[in-house]
Amino acid sequence: MPLALEGKKAIVAEVSEAAKSALSVVVADSRGVTVEKMTGLRKQARENGVQLRVVRNTLARRALSGTQWECLNESFVGPTLLAFSTEHPGAAARLFKDFAKDEKNFEVKALAYEGELIAASDIDRLATLPTYDEAIAKLMSVMKEASAGKLVRTLAALRDQKQEQAA
């Protein structure tokens, strides 16, 4: 059923607004995935701060025109599912990668991060980005190792100094 001009304008405005606040965008094709599975994906997306939109390709091109996500225009072929990560740049990529493991019909077409087009085969570049809490934990473990190493070196130097004084 054709959309009225006002409906198209509303869709373009919604997608454009989502694109403005997005940290990354993932484009996928969900042909052949059951409605039940897609409902589960949408629920997981909401829980992870990802906005999903099924958009006509011409409307998606128009909505992303003039934004840093314009590099995705070539991937708008066939059915298009857009995922906008709003809380963490790797959230949508991680979500789609996990979903594609179980659903063979689900295909990631392309990704974009900070205006750079990323091929679907390189989904791990975004999917493996640590979350804020993971990054803090890694930093703390590195700092802990560094301080423990310094303590060991200090104790070894003290031992060597005492041995020299005893000799």
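Quick note: to get my numbering, add 1 to the position in the sequence shown (first position is 1).
Beta carbons: idealized from backbone N, C-alpha and C, even for Gly.
Return the chain-ordered list of same chain residues with a C-beta closer than 6 Å to the C-beta of A64, the five sequence neighbours on each side being excluded. Numbered from its first residue, the sequence shown carries residue 64 at position 63. Cβ neighbours of A64 beyond the five flanking positions: V13, V16 and S17.
Run the CB neighbour count on P131, radius 10 Å, all protein chains shown included, and call it buried at 16 or more, exposed below. Here the question's residue 131 lines up with position 130 in the sequence shown. By the 10 Å Cβ count, P131 comes out exposed.
Since V109 sits in a beta bridge, which residues does DSSP pair it with? Sequence index remark: in the sequence shown, residue 109 carries index 108 (1-based). Bridge partners of V109: A29.
Residues sharing a beta bridge with V55, DSSP: Position 54 of the sequence shown holds residue 55. DSSP lists L82 as partners of V55.
Buried versus exposed call for S148 [16 or more other C-beta atoms within 10 Å across all chains shown]: For the purposes of this step, residue 148 is taken as the residue at position 147 of the sequence shown. Classification for S148: exposed.
State the DSSP-derived secondary structure class of L118, mapped to helix, strand or coil. Here the question's residue 118 lines up with position 117 in the sequence shown. Residue state, collapsed to three classes: strand.
Pick helix, strand or coil for G50, following the three-state DSSP scheme. Translated into the one-based positions of the sequence shown, residue 50 becomes position 49. Three-state DSSP puts G50 in coil, outside helix and strand.
Pick helix, strand or coil for F77, following the three-state DSSP scheme. Position 76 of the sequence shown, counted from the first residue, corresponds to residue 77. Of the three classes helix, strand and coil, the one that applies to F77 here is coil, per DSSP.
Is it right to say L53 is buried, meaning 16 or more other beta carbons lie within 10 angstroms of its own, or is it exposed? As a working mapping, residue 53 is identified with position 52 in the sequence shown. That one is buried.
Tell me, to the nearest whole angstrom, how far the beta carbon of F85 is from that of A93; I am working on the premise that it is less than 8 Å. As a working note, residue 85 is residue 84 in the sequence shown. As a working note, residue 93 is residue 92 in the sequence shown. With 8 Å as the limit, F85 and A93 qualify as a contact, their Cβ atoms being about 7 Å apart.
Of the residues G116, E37, H89 and R160, the one placed nearest E71, counting alpha carbons only: Mapped onto the sequence shown, residue 71 falls at position 70. Closest by alpha carbon: G116.
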